[in-house]
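Numbering (the numbering used here), first residue to last: 8 to 659.
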């Protein structure tokens, strides 16, 4: 809880108003570090700063939706980078989390202090078209015993990312933490039901198990039986929780109904228990007795899933063991389509078939692909969290193969298959655009608040092109400018994502051509950014680009002109104005004149070379002619001398 008497601080500012006191740590909120805050304009003391994680992008739409405060919820006030981190400014908790209370809560407390206040918040969120996805003991707070609880932050990281497996339905708990998706308000009702059980029993029997064991136990016994075990809950709470923990989200009561516990208690939907097989199916020494448990086993063991597809083991078990004719027919259709439509040499055919098979076995299951599970609307956050890991390649396969579209087609009764198909095609189109940064660009496109992950920007939280230029200005002073390019793969992908298609031509050529062409492309990109964003002088970045421009100047042939351009470039560099540097290096008139003079010089050189060649080829002929002429002259001189001698002899 924020301290109203905390001294003013000169710490980093968020939104030019909220000073973060990094030396005054508060208890973590929503799984992230929290710090004290001073409102330097309004003087508010009921605020805190939650530090965001680089690879856990916040939920931008929820930031906008919760701009209007909601009673009973820690709503955001502002957010933005400050120093080398990013903070979300929000209301501080009114007291400690309910996790700190060790004794069981009474039925009256559970209904009046937990259920009704939380249901009002969920009702309001449902009206706004969003979800909370963070209801758990360490994220629910109470100012004092007997007071209504306050739900903690729900927008500082991907939805449900920090949720324990016990507080999420099996079809969510089995997913990648960052790929659980926004879900529905029914998932929040489920988490609230688990919270009621946890507070009523002062603990959960499943808390000592790992996530996989918790999921299997829920699938085998049902959530209520798995969580409550042999413990008895207060009568009203017990009846309410049974409905709130229904396996099918469509069977759970709405938040509006929960505001009247008596009505909610009497309107619980009776769900049909899952069909249990007469004989089990054995996978990796585990006995499987129902379809949902089999779907989970196949989802977590991709090799077993592919083998089960190839040998038709699932089809046989569904017919003989489970005795489910409808399920058997669906599986036969899938196998028939696989045999007819699978192209030869398709290395992902088995994985795609397994994904469809899992969806047929469990209509509630998420998208499962080669041991990975996630909801399609969680692909964006999953990409952000998977940067540099093995999960990234499987995510790329899901996108390029439009796996989400096929998965949605298998469960058309529970989702808008056409919308999923359109979104899958759009993601594939984004990914396959050449020269646009691949997966990193797609991650930036799908996560508007994801900072640029370039190593050049170490120590900076860059979420906008303007922040990028300022961060590169600082980076110019600590890198080897002759060895490092100012626009690496992540910077290029970030610019492409944030500016959409307006610089596609330049960005597509940033890695093509010789060093001079790349350097000129980088200067062109950054100069356009500076011009569009009207940022101030960037002297250090200009110097960096000038160093990289050596090969560009080397393309100027005439020495005097090249020296003049170097002098002009130095003058433009000193101003820190990148467009001026670009104008010097591109200078169409000078480049045209230099090209013409180079062409004339080339023609003159070609003429000289031709003359020298002719001279060299005629040397033998000229030598023979010279010898013949010399002989004739010598003979003439000899005859003249003989005539002279004869004349002297004749005339005495």
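Where is the CB? At the ideal position from N, CA and C, for every residue including glycine.
Length of the line joining the Cα atoms of residue i and residue j
i	j	result
residue 417	residue 318	21 Å
residue 309	residue 134	40 Å
residue 556	residue 467	26 Å
residue 209	residue 270	26 Å
residue 431	residue 243	45 Å
residue 255	residue 118	24 Å
residue 644	residue 616	40 Å
residue 59	residue 392	13 Å
residue 487	residue 554	10 Å
residue 110	residue 143	17 Å
residue 112	residue 376	42 Å
residue 158	residue 148	6 Å
residue 222	residue 586	59 Å
residue 503	residue 299	43 Å
residue 22	residue 86	7 Å
residue 267	residue 128	14 Å
residue 282	residue 293	18 Å
residue 103	residue 39	15 Å
residue 641	residue 651	15 Å
residue 566	residue 67	55 Å
residue 83	residue 196	22 Å
residue 95	residue 444	29 Å
Status (buried if at least 16 other CB within 10 Å, exposed otherwise) for residue i
i	result
residue 454	buried
residue 215	exposed
residue 32	exposed
residue 107	exposed
residue 658	exposed
residue 351	In this prediction, residue 351 scores a pLDDT of 47, lower than 50, which makes its location untrustworthy; no coordinate-derived value is stated.
residue 423	exposed
residue 30	exposed
residue 537	buried
residue 493	buried
residue 344	exposed
residue 228	exposed
residue 549	buried
residue 160	buried
residue 175	buried
residue 622	exposed
residue 632	exposed
Own chain, CB closer than 8 Å to residue i, minus 5 neighbours either side, in chain order
i	result
residue 420	370
residue 311	290, 291, 304, 305
residue 9	Residue placement at residue 9 cannot be trusted, given a pLDDT of 46 that sits under 50; the coordinates are not used to answer.
residue 390	399, 402, 446, 449, 450, 453, 454
residue 24	46, 47, 48, 49, 85
Pair within 8 Å by beta-carbon distance, residue i and residue j
i	j	result
residue 217	residue 138	no
residue 328	residue 284	yes
residue 65	residue 44	no
residue 335	residue 320	no
residue 540	residue 473	yes
residue 364	residue 386	no
residue 62	residue 394	yes
residue 162	residue 36	no
residue 404	residue 435	no
residue 338	residue 262	no
residue 478	residue 456	no
residue 177	residue 225	yes
residue 122	residue 213	no
Same chain only: Cβ atoms within 6 Å of residue i, ignoring 5 sequence neighbours per side
i	result
residue 380	181, 182, 306, 373
residue 200	248, 251, 252
residue 19	27, 89, 90
residue 93	59, 468
residue 547	480, 483, 484
Own chain residues within Cβ distance below 7 Å of residue i, not counting five before or after
i	result
residue 591	572, 575, 576, 579
residue 34	41
residue 459	469, 475, 497, 498, 501
residue 506	472
residue 211	173, 204, 205, 234
residue 124	79, 155, 156
residue 179	167, 187, 190, 194
residue 315	305, 321
residue 569	560, 563
CB contact below 8 Å: residue i versus chain D
i	result
residue 263	Here chain D cannot be found, since the structure has a single protein chain.
At 4 residues or longer, and completely inside the region 233-270: list those alpha helix (DSSP H) runs for me, N to C.
Runs of the alpha helix (DSSP H) lying entirely within the region 233-270, each at least 4 residues long, are 242-251, 262-265 in chain order.
Whole beta strand (DSSP E) elements within the region 129-197, 3-residue minimum:
Qualifying beta strand (DSSP E) stretches: none in this window.
What residue ranges within the region 404-429 form continuous alpha helix (DSSP H) runs of no fewer than 4 residues, ordered along the chain?
Within the region 404-429, the complete alpha helix (DSSP H) segments of 4 residues or longer fall at 410-417, listed in chain order.
Within the region 310-379, ranges of the alpha helix (DSSP H) (whole runs, at least 4 residues)
Taking only runs of at least 4 residues, the alpha helix (DSSP H) segments lying wholly in the region 310-379 are 320-324, 332-348, 356-368.
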